[in-house]
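> Everything in the sequence shown is counted per the numbering used here, starting at 3 for the first residue and increasing by one. For each residue, glycine too, the CB sits at the ideal point set by N, CA and C. The model shown is predicted, which means the values in this text are computed figures rather than measured ones. Take a look at the following structure, please.
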Amino acid sequence: MARCILLIGLVFTGVDAHAQQGFDVQGHRGTRGLAPENTLAAFRKAMEIGVTTLETDLALTRDGTLVLSHEPLLNPDLTRDADGKWLTGPGPAIRSLTLTQIKAYDVGRLNPDRGYSRQWPEQVPVDGERIPSLAELVSLTQAMGKTQVRFNIETKLTPQRPEETPDPMAFATAVASAVRTHDITARTTVQSFDWRTLVALKQVAPEIATACLTIEASSMNTVAAGADGASPWHAGLKRADHGGSLPRLVKAAGCGTWSMFWRNLTPDLVKEAHALSLKVVPWTVNNPADMRNLMDMGADGLITDYPDRLRKVMAERGMTGP
Numbered sequence: 003m004a005r006c007i008l009l010i011g012l013v014f015t016g017v018d019a020h021a022q023q024g025f026d027v028q029g030h031r032g033t034r035g036l037a038p039e040n041t042l043a044a045f046r047k048a049m050e051i052g053v054t055t056l057e058t059d060l061a062l063t064r065d066g067t068l069v070l071s072h073e074p075l076l077n078p079d080l081t082r083d084a085d086g087k088w089l090t091g092p093g094p095a096i097r098s099l100t101l102t103q104i105k106a107y108d109v110g111r112l113n114p115d116r117g118y119s120r121q122w123p124e125q126v127p128v129d130g131e132r133i134p135s136l137a138e139l140v141s142l143t144q145a146m147g148k149t150q151v152r153f154n155i156e157t158k159l160t161p162q163r164p165e166e167t168p169d170p171m172a173f174a175t176a177v178a179s180a181v182r183t184h185d186i187t188a189r190t191t192v193q194s195f196d197w198r199t200l201v202a203l204k205q206v207a208p209e210i211a212t213a214c215l216t217i218e219a220s221s222m223n224t225v226a227a228g229a230d231g232a233s234p235w236h237a238g239l240k241r242a243d244h245g246g247s248l249p250r251l252v253k254a255a256g257c258g259t260w261s262m263f264w265r266n267l268t269p270d271l272v273k274e275a276h277a278l279s280l281k282v283v284p285w286t287v288n289n290p291a292d293m294r295n296l297m298d299m300g301a302d303g304l305i306t307d308y309p310d311r312l313r314k315v316m317a318e319r320g321m322t323g324p
């Protein structure tokens with residue numbers, strides 16, 4: 003009876019009942035809104051709140067270790083050197099540093115003199131936090147008994163600045179090796195705006211799931227076609243060859259999930275993506291009203307800096323979490 007009432011409620015509120023089953027709660031950079039991003043403290047907080055997936059970003063060190071960083075260069079918004087001094091600008095590049103060198107930097111709080119810090123008033127500093135490796139994150143999940151939590155790991159690279167990162171095949175090969183070594187293949191999705199790594203990953207490790215990231219905004223647009231008819235982000239694939247359909251382009255890239263900037267999603271796009279058996283997981287959604295709207299459209303999950311807010315919205319709807 004309770005299940006029937008819930009399903010009736012979903013119908014009358016316009017919610018896609020399919021999307022409510024196994025809804026994916028993804029903690030963006032752990033819990034960027036509450037703890038220092040991409041640190042073990044942030045991932046610990048996310049698992050304490052209750053997420054199904056830990057979303058993070060990858061960079062490759064000079065000595066071949068995958069570490070968790072949103073930027074290919076050390077970020078002055080959140081990085082202090084061994085003397086406790088804030089970096090004055092971006093850099094050095096992570097690929098130019100060894101793991102030992104990277105561990106000398108503290109990323110446990112935001113630089114109060116930079117505007118970025120004002121975006122995250124609820125973030126609690128944790129001095130002494132270091133840039134973790136992917137191996138350390140996996141070990142943390144095991145230590146906390148969270149052996150079912152998933153990993154959504156993003157290869158951070160851009161076709162405009164290839165010198166900052168490994169080439170796509172080298173990056174994909176390193177990711178595939180690490181995922182297999184840590185025995186997390188079944189719980190891992192690799193995502194990227196630069197689909198070259200996703201296409202390369204399918205060549206070296208077809209068993210690893212992939213998610214295609216997109217954004218169409220004034221600040222960044224990975225969808226707009228260049229002079230040759232293809233976006234430089236899309237591994238040579240052309241939207242025009244797929245009827246102008248972005249979901250069909252995502253499918254052609256071999257992705258099982260489409261993660262778009264949340265403002266770009268429409269009900270019609272959700273329907274088209276689901277018809278192609280694609281999962282729809284928008285990013286990065288922090289306002290509860292927007293969360294409700296996207297859930298009503300039928301999103302299969304949401305990537306958020308505030309998983310605590312998303313869990314509250316789910317509770318309002320009688321949805322259980324991890």
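1. Using alpha carbons as the reference points, say which of P123, C214 and G238 lies closest to P284.
2. Kindly give me the distance between the Cβ atoms of A37 and V177, rounded to whole angstroms, as I take these residues to be in contact under 8 Å.
3. Can you give me the C-alpha to C-alpha distance between S194 and E50, rounded to a whole angstrom?
4. So what does W88 bridge to, in DSSP terms?
5. Just curious, the beta strand (DSSP E) that W260 is in, first and last residue?
6. Can you list, in chain order, the residues of its chain with a C-beta nearer than 6 Å to that of K47? Leave out the 5 residues immediately preceding and following it.
7. Within 10 angstroms of its Cβ, does E209 collect 16 or more other Cβ (buried), or is it exposed?
8. Check the DSSP bridge columns for K281 and list the partner residues they point to.
9. Only counting the same chain, and skipping five residues up and downstream in sequence, which positions put a Cβ closer than 8 Å to that of R116?
10. Starting from L194, follow the alpha helix (DSSP H) in both directions and report where the run begins and ends.
11. For the stretch 89-158, list the alpha helix (DSSP H) runs that are entirely contained and at least 4 residues long, ordered along the chain.
12. Using only the alpha-carbon positions, how far apart do D26 and L159 sit?
13. Any idea which residues DSSP pairs E2 with across the strands?
14. Under the criterion of a Cβ to heavy atom distance below 7 Å, does P309 qualify as lining the ligand ZN?
15. Taking the alpha-carbon positions, what's the I217 to R111 distance?
16. Is the Cβ-Cβ distance between L89 and T81 less than 8 Å?
17. Of all the alpha helix (DSSP H) runs that stay within the bounds of the stretch 219-277, which reach a length of 4 or more residues?
18. Measuring alpha carbon to alpha carbon, tell me which of Q121, M316, T191 and P161 ends up nearest E39.
19. I'd like the list of long-range same chain contacts for R189, defined as Cβ closer than 8 Å, with 5 residues on each side in sequence excluded.
20. Buried or exposed: M222, going by 16 or more other Cβ atoms within 10 Å of its Cβ?
21. Can you tell me which of the three DSSP states L312 falls into?
Let me lay it out:
1. In the sequence shown, counting from the first residue as 1, residue 284 sits at position 282. That would be C214, whose Cα lies nearest to the Cα of P284.
2. Mapped onto the sequence shown, residue 37 falls at position 35. Mapped onto the sequence shown, residue 177 falls at position 175. Contact doesn't hold; Cβ gap of about 25 Å is too wide.
3. As a position in the sequence shown, residue 194 is number 192, starting the count at 1. As a position in the sequence shown, residue 50 is number 48, starting the count at 1. Using only the alpha carbons, I get a separation of about 27 Å.
4. Translated into the one-based positions of the sequence shown, residue 88 becomes position 86. DSSP, once it has assigned bridges, lists R82 as partnering W88.
5. What you label residue 260 is simply residue 258 of the sequence shown in a count that begins at 1. It spans T259 to M262 - the beta strand (DSSP E) in which W260 sits, taken as one unbroken run.
6. Position 45 of the sequence shown, counted from the first residue, corresponds to residue 47. Excluding positions up to five away in sequence, the list reads T33, L36 and A37.
7. Numbered from its first residue, the sequence shown carries residue 209 at position 207. Classification of E209: exposed, given that the 10 Å Cβ count is below 16.
8. Locating residue 281 in the sequence shown gives position 279, where the first residue counts as 1. Bridge partners of K281: T259.
9. Within the sequence shown, residue 116 is the residue found at index 114, counting from 1. The answer, listed in chain order, is P78 and D79.
10. Locating residue 194 in the sequence shown gives position 192, counting from the first residue. Per the sequence presented here, residue 194 reads as Ser, with Leu not at that position. Unbroken run through S194 is the beta strand (DSSP E), T190 to S194; no alpha helix (DSSP H).
11. 101-104 and 136-145
12. Residue numbering aside, residue 26 sits at position 24 when the sequence shown is read from its first letter. Residue numbering aside, residue 159 sits at position 157 when the sequence shown is read from its first letter. Between D26 and L159, the C-alpha separation is close to 25 Å.
13. Outside the displayed span of the chain (3 to 324) sits residue 2, for which this structure offers no information.
14. For the structure depicted, the ligand ZN is absent and the ligand set is empty, with no information on it obtainable.
15. The residue given as residue 217 occupies position 215 in the sequence shown. The residue given as residue 111 occupies position 109 in the sequence shown. Going by the C-alpha atoms only, they are around 28 Å apart.
16. Translated into positions along the sequence shown, residue 89 becomes position 87. Translated into positions along the sequence shown, residue 81 becomes position 79. Yes.
17. 248-254 and 269-277
18. As a first step, residue 39 is located in the sequence shown; it is residue number 37 there, counting from the start. Of Q121, M316, T191 and P161, the residue nearest in Cα terms is Q121.
19. For the purposes of this step, residue 189 is taken as residue 187 along the sequence shown, with counting starting at 1. Cβ within range, chain order: Q150, V151, R152 and F153.
20. Here residue 222 is taken as the residue at index 220 of the sequence shown, counted from 1. Under this definition M222 is an exposed residue.
21. Locating residue 312 in the sequence shown gives position 310, counting from the first residue. In this structure, L312 counts as helix in the three-state DSSP scheme.
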